[in-house]
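Protein chains: 2
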Amino acid sequence: MSKTVTVEVGLGDRAYDILIGSGLIARAGETISARLPGTRVAIVTDENVAASHLEALKSGLESGGVAVAATIALPAGEKTKGFAFLQEVVDAVLGARLERRDAVVALGGGVIGDLAGFAAGIVRRGMDFVQIPTSLLAQVDSSVGGKTGINSARGKNLIGVFHQPKLVLADSGVLDTLPIREFRAGYAELAKYGLIDRPDFFAWLEKNWREVFEGGDARIEAIAEACRAKADVVARDEFETGDRALLNLGHTFGHALEAATAYDGARLVHGEGVAIGMVLAHRFSARLNLASPDDAVRVEAHLKAVGLPTRIADIPGEMPGADKLLDYITQDKKVSRGALTFILTRGIGQSFIAKDVPSSEVLAFLRDSLG
Amino acid sequence: MSKTVTVEVGLGDRAYDILIGSGLIARAGETISARLPGTRVAIVTDENVAASHLEALKSGLESGGVAVAATIALPAGEKTKGFAFLQEVVDAVLGARLERRDAVVALGGGVIGDLAGFAAGIVRRGMDFVQIPTSLLAQVDSSVGGKTGINSARGKNLIGVFHQPKLVLADSGVLDTLPIREFRAGYAELAKYGLIDRPDFFAWLEKNWREVFEGGDARIEAIAEACRAKADVVARDEFETGDRALLNLGHTFGHALEAATAYDGARLVHGEGVAIGMVLAHRFSARLNLASPDDAVRVEAHLKAVGLPTRIADIPGEMPGADKLLDYITQDKKVSRGALTFILTRGIGQSFIAKDVPSSEVLAFLRDSLG
Numbered sequence: 001m002s003k004t005v006t007v008e009v010g011l012g013d014r015a016y017d018i019l020i021g022s023g024l025i026a027r028a029g030e031t032i033s034a035r036l037p038g039t040r041v042a043i044v045t046d047e048n049v050a051a052s053h054l055e056a057l058k059s060g061l062e063s064g065g066v067a068v069a070a071t072i073a074l075p076a077g078e079k080t081k082g083f084a085f086l087q088e089v090v091d092a093v094l095g096a097r098l099e100r101r102d103a104v105v106a107l108g109g110g111v112i113g114d115l116a117g118f119a120a121g122i123v124r125r126g127m128d129f130v131q132i133p134t135s136l137l138a139q140v141d142s143s144v145g146g147k148t149g150i151n152s153a154r155g156k157n158l159i160g161v162f163h164q165p166k167l168v169l170a171d172s173g174v175l176d177t178l179p180i181r182e183f184r185a186g187y188a189e190l191a192k193y194g195l196i197d198r199p200d201f202f203a204w205l206e207k208n209w210r211e212v213f214e215g216g217d218a219r220i221e222a223i224a225e226a227c228r229a230k231a232d233v234v235a236r237d238e239f240e241t242g243d244r245a246l247l248n249l250g251h252t253f254g255h256a257l258e259a260a261t262a263y264d265g266a267r268l269v270h271g272e273g274v275a276i277g278m279v280l281a282h283r284f285s286a287r288l289n290l291a292s293p294d295d296a297v298r299v300e301a302h303l304k305a306v307g308l309p310t311r312i313a314d315i316p317g318e319m320p321g322a323d324k325l326l327d328y329i330t331q332d333k334k335v336s337r338g339a340l341t342f343i344l345t346r347g348i349g350q351s352f353i354a355k356d357v358p359s360s361e362v363l364a365f366l367r368d369s370l371g
Numbered sequence: 001m002s003k004t005v006t007v008e009v010g011l012g013d014r015a016y017d018i019l020i021g022s023g024l025i026a027r028a029g030e031t032i033s034a035r036l037p038g039t040r041v042a043i044v045t046d047e048n049v050a051a052s053h054l055e056a057l058k059s060g061l062e063s064g065g066v067a068v069a070a071t072i073a074l075p076a077g078e079k080t081k082g083f084a085f086l087q088e089v090v091d092a093v094l095g096a097r098l099e100r101r102d103a104v105v106a107l108g109g110g111v112i113g114d115l116a117g118f119a120a121g122i123v124r125r126g127m128d129f130v131q132i133p134t135s136l137l138a139q140v141d142s143s144v145g146g147k148t149g150i151n152s153a154r155g156k157n158l159i160g161v162f163h164q165p166k167l168v169l170a171d172s173g174v175l176d177t178l179p180i181r182e183f184r185a186g187y188a189e190l191a192k193y194g195l196i197d198r199p200d201f202f203a204w205l206e207k208n209w210r211e212v213f214e215g216g217d218a219r220i221e222a223i224a225e226a227c228r229a230k231a232d233v234v235a236r237d238e239f240e241t242g243d244r245a246l247l248n249l250g251h252t253f254g255h256a257l258e259a260a261t262a263y264d265g266a267r268l269v270h271g272e273g274v275a276i277g278m279v280l281a282h283r284f285s286a287r288l289n290l291a292s293p294d295d296a297v298r299v300e301a302h303l304k305a306v307g308l309p310t311r312i313a314d315i316p317g318e319m320p321g322a323d324k325l326l327d328y329i330t331q332d333k334k335v336s337r338g339a340l341t342f343i344l345t346r347g348i349g350q351s352f353i354a355k356d357v358p359s360s361e362v363l364a365f366l367r368d369s370l371g
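Chains as they are written, first to last, in full-length UniProt numbering: chain A, 1 to 371; chain B, 1 to 371.
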């Protein structure tokens, strides 16, 4: 049996543990009942994940003494993250007569985690919540930090709550069955933590990324380090009034690219947008004389080596012009009172929050990047 | 000009003030801009309240330098507290491009406050919220303490969040135009605070209730004392894991009576249910030899004097039998892991949380009360 690593998210009376290891789904029942005695659960998942992991989770829960009061399997995909399915989940949880100290268990990727966490956050004004992320992206990003929510016609993730889980079980073994493109997309977020403030982690990934892709202890250690990095930022700024914005490195450009492809996953998935966005953030920082151009080259080389797109031109199909991309950026929710905020960097692992970045500079940079 | 009283709700970094006085709506702009500089607002109200107070509020806001970015007037009534209108409010607030530090302003009674507060709690994972309660019930109850929410087909207030307002403006002058039945219903909740833990306040109300009904400083002082009482309980137990349940004095019986009348306000409104429920709680406590029967007599005498119903028989129309009422009680959301929890009392101002009350005792008591 491989090792299990525990990362604590230090949030006072909302503190919780993230367990990272292989086989955690099969042992979910004993783990949950040891930490949340007497809890009953409703499992929220999607149809694809259900086909691979639902029976294993159910038997893991029940053999560990955790009663499954309801199972809700929703259509897979971003479109599920809306009011209609939120209402369906809430209704099913209430219908199972779960109480505040019972738990909603999210089994799936970011869509399921965000939706189920939001439902857990609003049923009876907040019930217990357990995350079992089944994608690399969810294991290192969305399942840590308590952000939950759904999309609005006016933008992604505009509706939700901060609702911390009681426990996160990141089963690194389930990632073996992920499509390679999805694993790579998650890897972009993993590498992000090195770029934000852990230069040694980025250097470690440059050397060891093949082992991370292969599985085993290197993968567990990489996920754990990413969770530690995120937990540190979240503990400093739970409600995103300051430092937490660092987690958006690569995301302002990335979101604009996602919007420009109308969120068509065949062309660009979120992690790919972040990969290109991180390279753009490093190149933009170099252009503003904040960082050496060599750092941007190094970031691009690594992301390219693992097979990620790194240039806008890598996105298949027509892309809009620089003006339109800037429009998408200013519409992004991270705009505060009209000022343009970017995460820029002084080098690998030295990112910072830059406020009042002139939009003319962004526009000129985008024109060159598209040229 | 009559006095303005400030009650602070001490919740650390979520602390806020309740201002109580006459004419606060007309001065809303200067008050809000002094406390939340630069904020823009979306006003949520209902059509009835809008007819009386919306223009006054708008001009009060704008003359004080607060821009009104959107106004949402919803149908009046409990049916508005559901997912469809929640979505409408959220969409309108997002459509007005309000940011986290802009505010949703609730102008209305409990339905509007609960719905608008929930919307404020979930737009961008929580934006600022200002309550301007226009009913006595909302001024002394729902606008203090941060409970927000909507109803489910499975029960009232089962979906929502804790989201504290930044400011509450309780304009005692607007109560002059309330229908007397609605004022009385709010008065039941006001008197409740005396019965929970403020015997002197209850005695003061017994002497001064006519002045409270008439308006002026006695009304302001009564509302302020009720808000102080509620703020004390909320500060002790923001998330309702303990003492806050005391605020449910009279509510377990009251909710069952409301459910038994299918929430038909022509037969019974919430405050009336609470009035009968408080008398039942005192009589039930006497029956269990916890309190003197004289206290129940005194409570009933006072509530009757102000014109409130105090007996199940006072409710017009057919009522179900004791068994059915017990069913409604066990379905009430305040049931924890199947145990029956009641707020009982050892006398006026000496209420306490009683867990594991035998349902057989409740049933026998209800049979006698209906007989």
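Glycine included, C-beta positions come from ideal geometry on N, C-alpha and C.
Residue range of the unbroken beta strand (DSSP E) whose run includes T241/B:
That residue, T241/B, is in no beta strand (DSSP E); it is neither H nor E in DSSP.
Answer yes or no: does any C-beta atom of chain B fall closer than 8 Å to that of Q87/A?
yes
Verify the CB distance criterion: does K304/A have a CB-CB separation below 8 Å to chain B?
no
Cutting at 8 Å between CB atoms, please list the residues of its own chain near L74/A, excluding the five before and the five after it.
V44, T45, D46, E47, T80, F85, E88, V89, I112, L115
My parser needs the beta strand (DSSP E) runs of 3 or more residues fully inside the segment 131–164 of chain A; what are they?
150–152, 155–159
Kindly list, in the order they appear in chain A, the residues whose Cβ is closer than 8 Å to that of V161/B.
G121, I122, R125, G126, V161
Going by DSSP, what residues sit across from V7/A in a beta bridge?
I18/A
If we cut at 8 Å on Cβ distances, does D243/A have a partner in chain B?
no
Min CB distance R35/A to chain B below 8 Å
no
Taking DSSP as the reference, what is the three-state secondary structure of G121/A?
helix
At the level of alpha carbons, what is the spacing between E272/B and E258/A?
54 Å
Less than 7 Å between the CB of V144/A and some heavy atom of the ligand GTP, yes or no?
Absent from the structure shown: the ligand GTP. Ligands present: none.
Find the residues of chain E that neighbour D91/A, judging by a C-beta separation of less than 8 Å, and give them in chain order.
Absent here is chain E; the protein component of the structure consists of chains A and B.
Rank L344/A, S152/A, I25/A by C-alpha distance to the C-alpha of F253/A and give the top, closest one.
L344/A
L288/B to A67/B span [Cα, whole Å]
57 Å
Could you check whether the Cβ of K147/B sits closer than 8 Å to any Cβ belonging to chain A?
yes
With a cut-off of 8 Å on the beta carbons, I'd call L326/B and S359/B a contact; round off their distance for me.
6 Å
At what residue ranges does the segment 63–122 of chain B contain a whole run of the alpha helix (DSSP H), taking only runs of 4 or more?
83–95, 110–122
Report yes or no: do the segment 10–21 of chain B and the segment 312–324 of chain A share at least 3 C-beta pairs separated by less than 8 Å?
no
Would you say G95/B faces chain A, with C-beta separation under 8 Å as the test?
yes
Please report how far the alpha carbon of S2/B lies from the alpha carbon of D217/B, in whole angstroms.
7 Å
Taking 8 Å as the CB-CB cut-off, is F83/B touching chain A?
yes
Hey, could you find the ends of the beta strand (DSSP E) T252/A is sitting in?
Not the beta strand (DSSP E): T252/A falls in the alpha helix (DSSP H), residues 251–260.
Separation of A305/A from S336/B, as counted between CA atoms
Any answer about S336/B is weak, because its pLDDT of 47 lies below 50 and its placement is not dependable; what the coordinates show is given next. Their Cα atoms are separated by approximately 55 Å.
In DSSP terms, what S351/A is bridged to
T345/A
At least 3 beta-carbon pairs within less than 8 Å: the segment 55–67 of chain A vs the segment 93–100 of chain A
no
Alpha carbon to alpha carbon, what distance is there between T31/B and I25/A?
54 Å
Span of the alpha helix (DSSP H) around T31/B
28–35
Mapping the DSSP letters down to three states, classify residue 375/A as helix, strand or coil.
Look at the range of chain A in this structure, 1 to 371, and you will see that residue 375/A is not part of it.
What three-state label does DSSP hand R367/B in the structure shown?
helix
Integer-rounded CB distance, given that F183/A should sit under 8 Å from L195/A:
Not quite, the Cβ-Cβ distance comes to about 19 Å (not below 8 Å), so this is no contact.
How many Å lie between A69/A and R97/A at the Cα?
8 Å
With a threshold of 8 Å between beta carbons, is K333/B in contact with chain A?
Reliability of the predicted coordinates at K333/B is poor, the pLDDT of 46 falling under 50, and no value is obtained from them.
Please state whether DSSP places I276/B in a helix, a strand or coil.
helix
Name, please, each residue of chain B whose Cβ falls closer than 8 Å to the Cβ of L247/A.
None at all; the shortest Cβ gap to chain B is about 14 Å.
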